[in-house]
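Trainee:
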Amino acid sequence: MNKKIDHQLEESWFYKWILNNKAVVSLLIILLVFCIIFVFTKISFLFTSVAAFLTILMLPLVISTLLYYLTKPLVDRIEALGPNRTVSIFIVFSFILLMLIWAFSGLIPMISHQTTTFISDLPKYVETVNKEANKLLENDWLVSYRSELQSMLSNVSKKALDYAESFSKNALDWAGTFASAIARIAVSIIISPFIVFYFLRDSGKMKDGLVNVLPTRLRIPISRVLGDINKQLSGYVQGQVTVAIIVGFMFAILFSMVGLKYSVTFAIVAGFLNMVPYLGSFLAMVPVVIMAMVQGPLMLVKVLLVFTVEQTIEGRFVTPLVLGNKLSIHPITIMFLLLTSGAMFGVWGVFLIIPIYASLKVIVKELFDWYKSVSNLYVDNKIIVKEKKDRVK
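Residue numbers (my numbering): 2 to 394.
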């Protein structure tokens, strides 16, 4: 009976000219996308409260997700040795707490000392830069441009004074904003371990509960999609954090070897920024190069050599061994994603766009595979490939 209905459907004009027509299907998909965008623009006010709610939840959820993917392998291994799930989670949490106490007891005083020293020495650095600029202006080959350069320097100084005046006027407002941001971060850090605990304990139940409410025919493909997304996110988060830690240690060692001031602080910043693909390394270079210029031309050469050595080691050994090609995303695609998401959504967009894109890619691939299995649009390709193989034989 079902075969008869399928045969009648294939013989109908609706199937021949609409469902099984590449041009019509493509136009319908494009039209549907534009209709959805148009509807969202008309009812955008309904999502204002939803956006505010998601903004509040964003930071604790991001922190919890990162911690979940970082701690889950450890919890799974400890559980395999004998302890139950809850005991394994508490063992991992205790180990992390001890590591944090050890790290912060040594790092925070060092970073605090380097930061206060940098602030106290900032006038000296500004004076050094001014002296170097004046020396450049005295060169014979810059005589014709001296007036323009002096005008540019005066404009920069004026803008710096304007920014300083604006900062003094708005200091109270900015202090309030900074205090509220610190409070949100503190609350998120306090809440995150509890969220991570339930993620680690009930992650399997969450997936089963989500899949079981779906129709029976959809359970297997949805479960497969969720599993693929979980693998993508797990590999990405664990790989990026591991690479960032290794990069931070490499920079700390190399900066200390060449004698760069505030080497540990710059290394931590470089490791953190390294989690932003491609652009992070260039962003990390900016403060380091400025400090190297203050310390002299020789230090600038040393710092550039350090970045060259680090990029070579990271690109040839660290990243291939740790990350491999888990996401299968072309570098050009990553660059466009980072630029557009950064312009549209700021810092959150830069950090979240790659895992979001990887998840959407899994969903689209599953939908495309399903569409190929139910459509006759791709039968011709299989026939052509088969004919070519027969000709070769």
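Quick reminder that beta carbons are idealized off the backbone N, C-alpha and C, glycines included.
Computed from a predicted model, the values in this text were never measured in an experiment.
(1) Which same chain residues, not among the five before or five after Thr1, have their C-beta less than 6 Å away from its C-beta?
(2) Using beta carbons (cut-off 8 Å, strictly below), is Ser106 in contact with chain B?
(3) May I ask which residues mark the beginning and end of the alpha helix (DSSP H) holding Gly350?
(4) What is the DSSP secondary structure of Leu261, reduced to helix, strand or coil?
(5) Figure out for me which residue from Val226, Tyr263 and Ile57 has the closest Cα to the Cα of Ile186.
(6) Buried or exposed, going by whether 16 or more other CB atoms sit within 10 Å of the CB of Thr72?
(7) The alpha helix (DSSP H) spanning Gly83 covers which residue range?
(8) Would you mind working out which of Val93, Tyr358, Ser27 and Pro84 sits nearest Ile330, comparing C-alpha positions?
(9) Where does Val25 fall in DSSP's three states?
(10) Excluding the five sequence neighbours on either side, which residues of its own chain have a C-beta within less than 8 Å of the C-beta of Phe198, listed in chain order?
(11) Rounding to the nearest angstrom, what Cα-Cα distance links Ser193 and Phe41 in this structure?
(12) If you follow the alpha helix (DSSP H) that Ser282 is part of, which residue opens it and which one closes it?
(13) By Cβ distance below 6 Å, which residues in the same chain neighbour Ile385 in space, the five residues on each side in sequence not counted?
(14) Should Ile354 go down as buried or exposed, given a rule of 16 or more other Cβ atoms within 10 Å for buried?
(15) Between which two residues does the alpha helix (DSSP H) holding Val323 run?
(16) Report back the beta-carbon spacing between Met292 and Leu261 to the nearest angstrom; my notes put them in contact at under 8 Å.
(17) So is Ser264 buried or exposed if we call it buried at 16+ other beta carbons inside 10 Å?
(18) Would you mind stating whether Ser65 and Phe250 have Cβ atoms separated by less than 8 Å?
(19) Use the C-beta contact count for Ala184: other C-beta atoms within 10 angstroms, 16 or more gives buried, fewer gives exposed.
(20) Can you look up Val393 in the DSSP assignment and give me helix, strand or coil?
(21) Where Val289 and Asn275 are concerned, what is the direct C-alpha to C-alpha distance, given to the nearest angstrom?
(22) Buried or exposed: where does Ala104 fall if 16 or more other Cβ atoms within 10 Å of its Cβ makes it buried?
(23) Taking 8 Å as the threshold (C-beta atoms), are Leu255 and Val214 in contact?
(24) Helix or strand or just coil, what does DSSP make of Met276?
(25) Short of 8 Å in beta carbon distance, which residues of its chain neighbour Ile314, apart from the five on each side in sequence? Order them along the chain.
(26) Rounded to whole angstroms, what is the Cα-Cα separation between Phe345 and Thr49?
(27) Give me, in chain order, the residues of the same chain whose beta-carbon lies closer than 8 Å to that of Thr243; leave out the 5 immediate sequence neighbours on both sides.
(28) On the criterion of 16 or more Cβ atoms from any shown chain inside 10 Å, does Leu368 qualify as buried, or is it exposed?
(29) Alpha carbon to alpha carbon, how far is Lys125 from Ile38? Give it in angstroms, no decimals.
(30) Just the C-alpha distance for Val226 and Val363, rounded to the nearest angstrom, thanks.
(31) For Val188, count neighbouring C-beta atoms within 10 Å of its own C-beta (all shown protein chains included) and say buried if the count is 16 or more, exposed if not.
(32) Applying the criterion that 16 or more other CB atoms from any shown protein chain within 10 Å of the CB defines a buried residue, is Gly281 buried or exposed?
Mentor: According to the data block:
(1) Not covered by the structure: residue 1. The range shown for the chain is 2 to 394.
(2) This model lacks chain B altogether; it includes just one protein chain.
(3) Pro332 to Val375
(4) Coil at Leu261, not helix or strand.
(5) Ile57
(6) buried
(7) It is not in any alpha helix (DSSP H) - Gly83 carries neither H nor E in the DSSP assignment.
(8) Tyr358
(9) helix
(10) Ile90 and Phe94
(11) 32 Å
(12) Unbroken alpha helix (DSSP H) run through Ser282: Leu280 to Gln296.
(13) Confidence is the limiting factor: at Ile385 the pLDDT is only 47, short of 50, which leaves the residue's position unreliable, though a coordinate-based value still follows. Nothing listed; no residue qualifies.
(14) buried
(15) Thr320 to Val323
(16) Confirmed, Cβ separation roughly 7 Å.
(17) buried
(18) no
(19) exposed
(20) A caution first: Val393 carries a pLDDT of 44, below 50, which makes its placement in the model too unreliable to give a value.
(21) 14 Å
(22) exposed
(23) no
(24) coil
(25) Met251
(26) Note on identity: in this sequence residue 345 is Met, with Phe being the wrong assignment. For Met345 and Thr49, the distance between alpha carbons rounds to 17 Å.
(27) Closer than 8 Å at the Cβ level, and outside the excluded window around Thr243, lie Val323.
(28) The C-beta of Leu368 has fewer than 16 other C-beta atoms within 10 Å across all chains shown, which makes the residue exposed.
(29) Roughly 55 Å between the two C-alpha positions.
(30) 7 Å
(31) exposed
(32) buried
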